[in-house]
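Presented below is the structure to which this report refers.
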């Protein structure tokens with residue numbers, strides 16, 4: 001856990017790219033998730049990829065790929081927001097699909113709505129063309145492990 005703590009702190013200070021943290025998460029790598037910092041804001045991206053295609057006729061993204069992308073974005077965002085990084089465990093994840101996710105790059109932003117000692121809540125919004133027209137929104141509740149990065 002010391003390695004996680006030092007990596008998170010290095011990312012926060014801007015010494016290490018955020019992508020380095022994503023590369024340590026196997027499922028995030030499988031989906032091809034990327035992250036970019038725009039000032040203080042982090043924007044996650046799910047690149048257009050044949051492995052994320054759900055309906056080739058439309059073509060449209062697979063709903064599971066969209067949900068997995070949004071959940072992974074929330075976990076990584078939460079790790080970076082916590083004072084002492086602790087591995088978040090998903091308690092509940094609720095997603096509302098608002099419109100078809102076309103076969104193109106998809107973006108997500110996260111907002112922590114509650115960060116307690118044991119539980120955290122995160123709101124996630126995913127869009128493709130305009131932020132004001134999300135393809136999906138989600139709410140995630142996480143249990144923050146008792147183990148800290150210094151344990």
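Numbering (full-length UniProt numbering), first residue to last: 1 to 151.
Just so you know, even glycine gets a beta-carbon here, dropped at the ideal spot from N, CA and C.
Quick caveat: nothing in here was measured; it's all calculated off a predicted structure.
Assigned secondary structure, residue i (DSSP; H/G/I helix, E/B strand, else coil)
i, result
"residue 51", "helix"
"residue 122", "strand"
"residue 134", "strand"
"residue 4", "helix"
"residue 42", "strand"
"residue 111", "strand"
"residue 35", "strand"
"residue 154", "Nothing about residue 154 can be reported from this structure: the residues present for the chain run from 1 to 151 only."
Contact check, residue i vs residue j, beta carbons under 8 Å
i, j, result
"residue 134", "residue 145", "no"
"residue 78", "residue 25", "no"
"residue 19", "residue 43", "no"
"residue 82", "residue 108", "no"
"residue 80", "residue 137", "no"
"residue 103", "residue 140", "no"
"residue 52", "residue 65", "yes"
Neighbourhood of residue i by C-beta, 6 Å cutoff - its chain only, sequence neighbours within 5 removed
i, result
"residue 75", "88"
"residue 49", "32"
Paired residues, beta bridge with residue i - DSSP
i, result
"residue 88", "144"
"residue 95", "138"
"residue 60", "55 and 102"
Contacts around residue i, its chain only, beta-carbon distance under 8 Å, and the 5 residues preceding and following it disregarded
i, result
"residue 142", "74, 75, 78, 88, 89, 90, 91, 119, 120, 121 and 122"
"residue 27", "68 and 72"
"residue 105", "45, 46, 47, 48 and 128"
"residue 59", "53, 102 and 103"
Chain-order list of residues whose beta-carbon lies under 7 Å from that of residue i (same chain, five-residue window excluded)
i, result
"residue 63", "54 and 97"
"residue 95", "67, 70, 136 and 138"
Where the alpha helix (DSSP H) through residue i begins and ends
i, result
"residue 66", "63–81"
"residue 128", "Segment: none, residue 128 is in no alpha helix (DSSP H) and carries neither H nor E."
"residue 20", "18–22"
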